[in-house]
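S.K.:
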Amino acid sequence: MNIRMNNALLAAWLGILGPLALASSDAIANERHERGLEVMDHLSGGAGQPVLDALRQDYPFLADGVVGYALGDVWGRTVLDDRTRQLAAIAAFAAQGNLPYMKIHAGYALRLGVTRDELKEVVYLTTVTAGFPRAIDAAQALREVPDPVVQ
């Protein structure tokens, strides 16, 4: 076959398969989004996420990325259990000094059965990975995290 015929066949196949590829791409995106919403519902106990809701108002594409990728693809994985995943996230956010997100995930962790003593241990470990100033900041922020409401 010559190159022109190969290109013509490729174009014909793309003409047929293009809409199917787009449709399956949309289906995958919808699955990711739904999985992300399920993860958010599970973590928050159905309370939603005010930070994400506020983000959606001005940056809907960024909020969709968080829901589809961060929650649907990454947090939706099952290799780690919920407690371990939350403790790892809290450690990372504490080490980064990203205290607002550390507090959100500390709240999720407490709701999932992590104890305050376990959270304190994660903060203590932060002294090794990020230093005492970050650990002290994390400890102070952790004091602001309310106990979960038991229903």
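Residue numbers -29 to -1, 1 to 122, in mature numbering (1 follows the signal peptide of the UniProt record, and there is no 0), belong to the letters of the sequence shown in order. We treat Cβ as the ideally placed atom computed from N, Cα and C, and that holds for glycine. Only a predicted model underlies this, so the values are computations on that prediction, with no experimental measurement involved.
Report all residues from its chain with a CB closer than 8 Å to the CB of leucine 33; omit the five preceding and five following residues, and keep chain order.
M.R.: Taken in chain order, the residues that qualify are Leu26.
S.K.: Indicate whether valine 99 and leucine 58 have their beta-carbon atoms separated by less than 8 Å.
M.R.: It is not a contact, given that the beta carbons lie outside the stated cut-off.
S.K.: Pairing CB atoms from the stretch 95 to 111 with CB atoms from the stretch 42 to 57, are three or more of them under 8 Å?
M.R.: Counting Cβ pairs under 8 Å, fewer than three are found: no touch.
S.K.: One question on the structure: do alanine 65 and arginine 105 come within less than 8 Å of each other, judged by their Cβ atoms?
M.R.: Yes, the pair counts as a contact, with Cβ atoms nearer than the cut-off.
S.K.: For leucine 8 versus valine 38, is the C-beta distance shorter than 8 Å?
M.R.: Going by C-beta atoms, leucine 8 is nearer than 8 Å to valine 38.
S.K.: What's the gap between the Cα of tyrosine 72 and the Cα of alanine 80?
M.R.: So the two alpha carbons sit approximately 12 Å from each other.
S.K.: What is the residue span of the alpha helix (DSSP H) that tyrosine 79 lies within?
M.R.: Segment 70 to 82, the alpha helix (DSSP H) holding tyrosine 79.
S.K.: Could you tell me the distance, in whole angstroms, from the CA atom of glycine 68 to the CA atom of glycine 78?
M.R.: Roughly 17 Å separates the two Cα atoms.
S.K.: Can you find the residues in the same chain that come closer than 7 Å, C-beta to C-beta, to histidine 76, ignoring five residues on each side of it along the sequence?
M.R.: Correct list, in chain order: Gln57, Ala60, Ile61 and Phe64.
S.K.: When you compare only the Cα positions, how much space is there between aspartate 29 and valine 120?
M.R.: Cα to Cα, aspartate 29 sits roughly 30 Å from valine 120.
S.K.: Have a look at valine 22 and lysine 74 and give me their C-alpha separation to the nearest angstrom.
M.R.: If you take the alpha carbons of valine 22 and lysine 74, they lie about 12 Å apart.
S.K.: Excluding five sequence neighbours on each side, which residues of the same chain lie with their C-beta closer than 8 Å to the C-beta of tryptophan 46?
M.R.: These residues qualify, in order along the chain: Gly7, Val10, Leu14 and Arg56.
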